[in-house]
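Taking this note's numbering, I'd label the letters of the sequence shown as residues 13 to 337. C-beta: ideal position from N, C-alpha, C; glycine also. What follows is one structure encoded as structure tokens, with my remarks underneath.
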Amino acid sequence: MTMTRTMTAALFVTLASQASLASQAWGATINKDAGSSAASFLKLGAGGRAGAMADSFSAIADDAYAAYYNPGGLSQLKGPQLAGGHTSFIRDVNYEVIEFAYPFGKQEQYSRHVLAVGVNYLSVNMIEKRSVDSSDPLGSFDSTDASYGLTYAFGFNRRLSAGVSAKLISQRIDTYHSDTFASDWGILYRVNPDGRVPVAVSAVARNWGTRVSYVSGESDPLPVSFTFGIAAHILPDRLRVNLEGTKYRDTGLFGAAGAEYDQPLMKDLKASFRAGYTSHYRDLSGLNGMAMGMGLTYNLASFDFAWLPFGRLGDTFRYSLILKF
């Protein structure tokens, strides 16, 4: 077993797993590579809006968090956006996301160019350190995982757009440290933007990059994934649904579905109600795989909340804010 797997396993036992590692240990689709990928925090999602839809978002991807779900979707932005999110996991595991996207070369219904920068940061503090099976710890240490990304999206026309992200992935656990590089690629195609029920399809490849190595001569691959999605605006400006399938290198294929309904409340104020399901966690007990939440949008600011139960591991809560300029 490599150093990366050894340290990941220790963290799993101490914390009952970072939520993404739970999907590997008890996940929906177990295969021969389960638990063999490094940097599992790259699977943790982003904003509260997508989270409430079970992270089924690749063919909608119309806000700053598209930099995570589908870089090609950024061309839908009509103005700059600043987004920040916080996810509270079990045992004081915290996950933060910040994205800033700036479109330029604006056309009537899309942006020709978009640049975005973002940070995903997972931290676990005060992990008890042991060298043998004992109830007495030798001390404690911290663990941090971060991804620093630069994204560019190009709108070919109002139907087709594509994007690419370059990421520096930096991980630290106790005195060990590793840096690696990766990229994400995404395409969004709007089949019938003027149709009665507009439909869009997406294709995304994520986490393509070099292997993670904490110790010379030992390394592990990143959690490379492929996602294909389809979204429909069933009621224009009201009801959207997104269906997608995803395959990580260390899981089997799993599906996810999410829906979002917007309800205007008064001038410049609307509420959004969301729900979703993913089969990624179907082997966990309880309401695993389900997700739900809501959001409030006032003028150019949106606050979103998501509840994501993880069965025996407990509940996860995700909060996010988007400011439009």
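Beta-carbon proximity list for residue i, same chain, < 8 Å, skipping 5 on both sides
i: residue 171; result: 201, 202, 203, 205
i: residue 91; result: 115, 336, 337
i: residue 329; result: 99, 100, 317, 318, 319, 320
i: residue 313; result: 333, 334, 335, 336
Backbone CA spacing between residue i and residue j [nearest angstrom]
i: residue 82; j: residue 162; result: 13 Å
i: residue 339; j: residue 208; result: Residue 339 falls outside the range modelled here, since the chain spans only 13 to 337, and no answer is possible.
i: residue 278; j: residue 311; result: 11 Å
i: residue 116; j: residue 290; result: 35 Å
i: residue 327; j: residue 62; result: 17 Å
i: residue 176; j: residue 99; result: 25 Å
i: residue 183; j: residue 230; result: 15 Å
i: residue 123; j: residue 93; result: 13 Å
i: residue 237; j: residue 260; result: 4 Å
i: residue 119; j: residue 151; result: 58 Å
i: residue 280; j: residue 251; result: 18 Å
i: residue 241; j: residue 147; result: 48 Å
i: residue 224; j: residue 188; result: 12 Å
i: residue 192; j: residue 245; result: 38 Å
i: residue 257; j: residue 215; result: 10 Å
i: residue 402; j: residue 266; result: A query on residue 402 cannot be resolved here, the shown segment of the chain reaching from 13 to 337 and no further.
i: residue 165; j: residue 232; result: 30 Å
i: residue 282; j: residue 275; result: 6 Å
i: residue 271; j: residue 249; result: 13 Å
i: residue 125; j: residue 76; result: 14 Å
i: residue 304; j: residue 145; result: 40 Å
i: residue 102; j: residue 210; result: 39 Å
Neighbour flag for residue i against chain D, beta carbons, 8 Å
i: residue 185; result: Annotation note: the requested chain D is absent from the structure, which comprises a single protein chain.
In DSSP terms, what residue i is bridged to
i: residue 288; result: 270, 303
i: residue 334; result: 95, 314
i: residue 156; result: 135, 184
i: residue 278; result: 281
i: residue 174; result: 166, 199
i: residue 321; result: 327
i: residue 127; result: 114, 164
i: residue 179; result: 161, 194
i: residue 309; result: 282, 314
i: residue 151; result: 141
Same chain, Cβ closer than 6 Å to residue i, five either side skipped, listed in chain order
i: residue 186; result: 153
i: residue 234; result: 51, 194, 219, 221
i: residue 132; result: 109, 159
i: residue 285; result: 273, 306
i: residue 129; result: 112, 162
i: residue 80; result: 58
i: residue 67; result: 57
i: residue 331; result: 60, 98, 317
i: residue 178; result: 162, 195
i: residue 121; result: 170
Rounded Cβ spacing between residue i and residue j (contact assumed at less than 8 Å)
i: residue 134; j: residue 156; result: 7 Å
i: residue 217; j: residue 196; result: 7 Å
i: residue 87; j: residue 198; result: Actually they do not touch by this definition, with Cβ atoms about 10 Å apart.
i: residue 60; j: residue 317; result: 5 Å
i: residue 107; j: residue 127; result: Contact flag wrong, Cβ pair sits at about 24 Å.
i: residue 64; j: residue 288; result: 7 Å
i: residue 212; j: residue 243; result: 5 Å
i: residue 49; j: residue 239; result: That pair is no contact at about 16 Å.
Neighbourhood of residue i by C-beta, 7 Å cutoff - its chain only, sequence neighbours within 5 removed
i: residue 74; result: 85, 88
i: residue 8; result: No answer is possible for residue 8: the residues shown for the chain start at 13 and end at 337.
i: residue 72; result: 243, 252, 254
i: residue 78; result: 85, 86
i: residue 190; result: 183, 224, 225, 226
Any non-hydrogen atom of the ligand GDP closer than 7 Å to residue i Cβ
i: residue 282; result: The ligand GDP is not part of the structure shown, which contains no ligands of any sort.
Problem - Contiguous beta strand (DSSP E) assignments of at least 3 residues, all confined to the region 231-260 - result: 237-247, 251-260
Practice task
Just list the beta strand (DSSP E) runs in the region 95-125, keeping only unbroken ones of 3 residues or longer that don't cross its boundaries, in chain order.
Solution key: 105-118
Handout entry: Sequence ranges, beta strand (DSSP E) only - wholly within the region 185-237, length at least 3
Key = 188-202, 211-221, 224-227, 230-232
Handout entry: Sequence ranges, alpha helix (DSSP H) only - wholly within the region 56-89, length at least 4
Key = 60-63, 78-81
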